[in-house]
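Student: Residue numbers (the working numbering), protein chains in the order written: chain A, 1 to 126; chain B, 1001 to 1141; chain C, 2001 to 2494; chain D, 3001 to 3168. Positions of the beta carbon are idealized from the N, C-alpha and C atoms, including for glycine. Only a predicted model underlies this, so the values are computations on that prediction, with no experimental measurement involved.
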């Protein structure tokens, strides 16, 4: 157990923490989504790095190779990437709508606008 | 960008090759890297490229909205249909072994069709999302 | 092909097929009929599955005929069949209601999209419940989450957009944590099949990655089930979503998350691993108690009825978690019974609130003055559901609290019994706020002419209200299944 | 890659953020090639670096491009982040070291895919085999996720016909 045998996890760890920090700390909605995407990317590395064997080749079977990297994590991450982009697309669509309704994409400002008592009266129109 | 002669000519030259590459990625996915997702994304990229050069309305004439929306649904349905075919021929859901007398050929056939379904849906969704975002931009101006 | 053999696959696939078909047809009536047929079929299938499980105990279905753990396995046991029946059942009641309800809330040219999203959400929730594969669970989780973000954002109020966005952020963080947890388990064991995982994990209960995976899964799922204090997304999401969506999500989404938690805790890790190695029991007890009291207190001070009952949901989820923390068959029985009972009660309640919105134009307390006079039947239904939330004998809520108290007594924790009763008093307070404005205030002048809700809205709501009463009187189905499921989870019957 | 992320956290110009994100995705894709995940790299390059960036730019075009200064100090988020990080450190400490061929994921389920997959299905790309056949249901789910997102975006951004009529 030494520090360098796990350096792949340290990279992943750093990315995950940055992503999470951006999501929670930043008020800008688009930046939040970027942070979310970084957090997800770090997970891709968490899955992929253990699957690699040094000296192995991509898992496309051919007579000239004998050692292959693990294909299963790659399949899972393909799925995860697609899920990630789907989430991003939906999130951005929401941001665009929010921007149209509130004329702002800053979380603090939007929350302030919602506290506006005039807003409750809008419900009065059936 | 619409009036840039260089872009228009190069675009016209490039797009067929992009589409050809997409087909290669789609059908060569069994032997090299690639498959339905990547091919669908590449076709969608070609479409986005086209729309950027020739304008959104021209792109919409080439690939109308209704068609794109049908593509989104059709891909999923194709995938599900392969699943039901497995049921129909006496296997479990998504069972490809029974799709052909020879199990290996059946697997091959199943994989071919579902990859096609995936490509259609992915392409449809990406193009549709691009249309919607671009359309919003024009509405605002 | 043998129909009965393929029920587990059809359970998911039938609602799944209806979604793209609905999009293809692009017609709201056709889409409604199609999705309705699919939902009712799914309900029928879930009943058949429940009966099958009752006879044979466990059904395993290998998708694509690949044997597990190489392929994806579907597994139906007592707990999952009960949950399937609950989710499909609620959907079958909510969907007919939504037809009349979204007429007022969503633009007509988007109705077919609403039905498609509803079908997707349903199949996602059913998929989480039925699957026996960890990664497949994540995929279905995302299907149900993405569709529910979109459904919430369809609400009329612009705040629904912000609510949906908050939910999207929290939900995605939760899902990512779940994936990290699954990833750690996978790296450690090399398998994704839940049953296989549990066998291979037995040898490594004290390994650090396994414990970290447990932590990530717990936090991730807790975000999805709105466990206090990770509940911030829930009140807004429920309050500003379209009525039918509020009812469906309130009744099913958090419950399915609880199911996932139970599945991981008891089927995968095995109860010994968690409850002996980590102070999970105490932690959950503390969080549950805090949730019960804080959320109920916050609920009392809400001015919007939908928000009020959304906070009450957070409090009620805490009862469910309290049941888990006992780590006994009675405790788990209470958990599962409360899942069902609360789903039925809250579903009915939100459907009735939707009817009030349809009549009165809103559900702020200031607006619903005198609703007891202009809409007497609907208000009576809300009061009945409120009684169930409090736990008055004769309603479903009483049964679950009764089992919670039994579980507490089993452990000899008298003070807990006292706290449970005390928290019920808080429920009395927030239900009383509704009673007060509904019956002891005159209706606003401009709303005095409001009529009772139309049958299309009232009938589905009353089915659930009737179920609330029924499960309070005849407990053979709920408690019977729950006890079997709890015993199975804890491995008592094995 | 890490530098791109640090820069990304610091900068407030959203356009720069998006460009940095595209760069970051592209670098991730190269790392994936190094990890022998060619299929994944291709997808990440096409979808992560390409399509996401186009989408983000499209959304930026519709919104403001400057982020405001955060109003409050980020202590709580920092604490949450560090807490999560510590759990991850704790959790990854005992994991098998990099490139360990005896790790469970190389010995339990995967060998059978590599040994049997091409023979049973006639497809030499094992990733495709697992994706489409062994775990075909996951892929169905994933296609449905894409479908759901597409439908969701249509529901949110679908043309508002009455607005257009109002304009004319």
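What residues from the segment 1047–1078 of chain B come within 9 Å of chain G, judged by C-beta to C-beta, listed N to C?
Tutor: Looking for chain G here will not work: the only protein chains present are A, B, C and D.
Student: Ignore the nearest five residues each way along the sequence and tell me which others in residue 23 of chain A's own chain have a CB closer than 7 Å to its CB.
Tutor: 32, 35, 36 and 39
Student: Contact criterion: CB-CB distance below 7 Å. Does residue 2242 of chain C meet it with respect to chain D?
Tutor: no
Student: Mind checking whether the beta-carbon of residue 2059 of chain C lies closer than 6 Å to any heavy atom of the ligand ATP?
Tutor: With respect to small molecules bound, the structure shown includes none, and the ligand ATP cannot be examined in it.
Student: By Cβ distance below 6 Å, which residues in the same chain neighbour residue 2145 of chain C in space, the five residues on each side in sequence not counted?
Tutor: 2171
Student: With respect to the alpha helix (DSSP H) encompassing residue 2407 of chain C, which residues constitute its N-terminal and C-terminal limits?
Tutor: 2396–2410
Student: Closer than 7 Å by C-beta to residue 1110 of chain B: which residues in its own chain qualify, once you throw out the five before and the five after it? Chain order, please.
Tutor: 1082, 1096 and 1099
Student: Thinking C-alpha only, which one of D/3139, D/3035 and D/3129 is nearest residue 56 of chain A?
Tutor: The candidate whose alpha carbon is nearest that of residue 56 of chain A is D/3035.
Student: Do residue 2411 of chain C and residue 2353 of chain C have their C-beta atoms closer together than 7 Å?
Tutor: no
Student: Taking C-beta pairs closer than 7 Å, name the residues in chain A that residue 3127 of chain D reaches, listed in chain order.
Tutor: 59, 71, 74 and 75
Student: Starting from residue 1096 of chain B, find everything on chain C with Cβ-Cβ shorter than 8 Å and list it in chain order.
Tutor: Chain C residues near residue 1096 of chain B: 2064.
Student: Residues of the segment 85–108 of chain A in Cβ contact with chain D at a cutoff of 7 Å, in chain order, please.
Tutor: Within the segment 85–108 of chain A, the residues whose Cβ lies closer than 7 Å to some Cβ of chain D are 85, 86, 88, 89, 90, 92, 93, 94, 95, 96, 97, 99, 105, 106 and 108, listed in chain order.
Student: Please list the segments of the alpha helix (DSSP H) lying wholly inside the segment 2073–2137 of chain C, counting only runs of 4 or more residues, in order along the chain.
Tutor: 2078–2105 and 2111–2130
Student: Could you check what DSSP says for residue 2060 of chain C in three-state terms: helix, strand or coil?
Tutor: The answer is strand: DSSP assigns residue 2060 of chain C an E or B state.
Student: Determine which residues share a DSSP beta bridge with residue 167 of chain A and list them.
Tutor: The question about residue 167 of chain A has no answer here: the residues shown for chain A are numbered 1 through 126.
Student: Inspect the CB distances between the segment 3135–3147 of chain D and the segment 1127–1140 of chain B and report whether three or more fall short of 8 Å.
Tutor: no
Student: Name, please, each residue of chain C whose Cβ falls closer than 9 Å to the Cβ of residue 3118 of chain D.
Tutor: Those within 9 Å of residue 3118 of chain D in chain C number zero; the least Cβ separation is about 14 Å.
Student: Based on DSSP bridge pairs, tell me the residues matched to residue 2173 of chain C.
Tutor: Partner(s): none; residue 2173 of chain C has no beta bridge.
Student: Considering only the beta carbon of each residue, do residue 3130 of chain D and residue 70 of chain A sit closer than 7 Å?
Tutor: no
Student: Which two residues bound the contiguous alpha helix (DSSP H) that contains residue 2446 of chain C?
Tutor: Looking at the DSSP string, residue 2446 of chain C is not in any alpha helix (DSSP H), and its letter there is neither H nor E.
Student: Can you tell me whether DSSP reads residue 68 of chain A as helix, strand or coil?
Tutor: If DSSP states are grouped into helix, strand and coil, residue 68 of chain A belongs with the strands.
Student: Using a Cβ-Cβ cutoff of less than 8 Å, which residues in the same chain neighbour residue 2004 of chain C once the five nearest sequence positions on both sides are dropped?
Tutor: Cβ within range, chain order: 2048 and 2052.
Student: With a threshold of 7 Å on Cβ separation, who are the neighbours of residue 1043 of chain B within its own chain once the five nearest residues in sequence on each side are excluded?
Tutor: 1019, 1022 and 1123
Student: Would you mind telling me which residues of chain B sit closer than 8 Å to residue 2006 of chain C, beta carbon to beta carbon, in chain order?
Tutor: 1087, 1092 and 1093
Student: On the criterion of 16 or more Cβ atoms from any shown chain inside 10 Å, does residue 1092 of chain B qualify as buried, or is it exposed?
Tutor: buried
Student: Name the chain A residues that come within less than 8 Å of residue 1037 of chain B, Cβ to Cβ?
Tutor: 78 and 82
Student: I want to verify the contact list: residues of chain A whose CB lies under 8 Å from the CB of residue 2165 of chain C, in sequence order.
Tutor: 29, 91, 94, 95 and 98
Student: Please identify, using Cβ separations under 8 Å, the residues of the segment 2010–2041 of chain C that lie next to chain D, in order along the chain.
Tutor: 2016, 2019, 2020 and 2023
Student: What residues from the segment 2300–2311 of chain C come within 9 Å of chain B, judged by C-beta to C-beta, listed N to C?
Tutor: none
Student: Pair every Cβ in the segment 2331–2345 of chain C with every Cβ in the segment 2395–2402 of chain C, then say whether three or more of these pairs are closer than 8 Å.
Tutor: yes
Student: Three-state secondary structure (DSSP) at residue 1092 of chain B?
Tutor: Coil.
Student: Identify whether residue 53 of chain A lies in helix, strand or coil by the three-state DSSP scheme.
Tutor: coil
Student: Could you name the residues of chain C that residue 1083 of chain B contacts, counting a contact when the two beta carbons are closer than 7 Å?
Tutor: 2013
Student: With a cut-off of 7 Å, does the C-beta of residue 52 of chain A fall near any C-beta of chain D?
Tutor: yes
Student: Since residue 2260 of chain C and residue 2137 of chain C are thought to touch, with beta carbons under 8 Å apart, how far apart are those beta carbons, to the nearest angstrom?
Tutor: Distance from residue 2260 of chain C to residue 2137 of chain C at the Cβ level is roughly 7 Å; contact confirmed, criterion being Cβ atoms closer than 8 Å.
Student: Mark residue 2350 of chain C as exposed unless 16 or more other C-beta atoms lie within 10 angstroms of its C-beta, in which case mark it buried.
Tutor: With 16 or more Cβ atoms within 10 Å of its Cβ, residue 2350 of chain C is classed as buried.
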